[in-house]
Each structure stands twice: as structure tokens, then as C-alpha cells.
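End of the sequence shown = 1516 in our numbering, gap-free, step of one. We put the CB at the ideal spot given by N, CA and C, even for glycine. In this text the structure is predicted, and so the values were computed from the model without any measurement. Contents: one structure, followed by commentary.
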Amino acid sequence: MSSGLQQFDRLGAGLGQPLAPDERGALPQVAGPEKVRQAMLTILDTDPGERLMRPAFGCGLRRWLMAPNNATTRTQITREIEQALARWEPRITVQAVDVAATNDPSTVLIEIHYAHVLDARQDVLVYPFYLAT
């Protein structure tokens, strides 16, 4: 097996998100960096207490719904994300989390700059978060 395939395997493989069958009825499969990215999204989208067998899992971003879009809220969101990813995603090292206001006062744009632990490859995950529904 080539070195590149070994790295892909070590990053993980499995069912993709969203979990919906394609036109042939097959469930989506993902591997490598895309699997890591989807795992990060799962962490961000999950609140602690949602998972019965792992009640501490998740980031808890929903607690910031209806919070004011100010520097204090954005700093707290940054800290929550850094802590959750450090705890739940061992395949990456978070380098920076930027939570920025947008033209829409009910939205912040989250940029997570990270490196894959396996090969130090750098990547960015952009995640819009809506403070108001």
C-alpha cells in the first residue's frame, strides 16, 4: 500500500454526511481529510447531552442562539470551539479560530484554521453560525 493511501486510512473512513442514499440507494462513503472535516462539523452541530452514551460530546453552540452579536459573544464562541475540537478531534491541531461579524447582525462567520496531525497538512473550515433563527 502506498504511503498516501496509508495516511488516508489513518485519517478514517466511513459513512458520509448527510446520511441519505444516492440515486442507486447506496449510502455516502467518505475517507481521509473529508472524513475529518465532517467529524468537525458533527462536533460543532452537537450539543452536550444529545448523545446518550457520550453525554459530554459536542460543542454547545446552540447556547449562543439569541445572544448579542458583540465581541464578548464572539470571544466565548471562539473558546467553546477551541475546547471542543481539542477534546473531541485528535486528528487535528487547531491553529486559530476566527469568529467574525457579518453584514447580517444575526450571523457570525466562523473560520477554523487547523493542521492534520498525521501529515501537518493545513486546512480551513468555514462555518456560518446564525445567532437568531
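In terms of CA proximity to Ile1495, Ala1467 leads the group Leu1501, Asn1486 and Ala1467. In this structure Asp1506 is in contact with Tyr1497, their Cβ atoms being roughly 6 angstroms apart against a cut-off of 8 angstroms. Residue burial is scored here from C-beta neighbours: Met1449 has fewer than 16 other C-beta atoms within 10 angstroms and is therefore classed as exposed. With 16 or more other Cβ atoms from the protein chains shown falling within 10 Å of its own Cβ, Val1419 counts as buried.
Secondary structure at Ala1409: coil, using DSSP grouped into helix, strand and coil. With a cutoff of 9 angstroms on beta-carbon distance, Thr1429 and Gly1441 are scored as near each other. Setting aside the 5 residues that flank it on each side, Ala1422 is surrounded in the same chain by Glu1472, each with a C-beta closer than 7 angstroms to its C-beta; the list follows chain order.
Its Cα nearest to that of Ala1484, the residue Leu1514 stands out among Leu1514, Glu1433, Val1477 and Glu1417. Here DSSP, grouped into helix, strand and coil, assigns Pro1511 to strand. Counting along the chain, Asp1502 sits inside no alpha helix (DSSP H), nor does DSSP assign it H or E at all.
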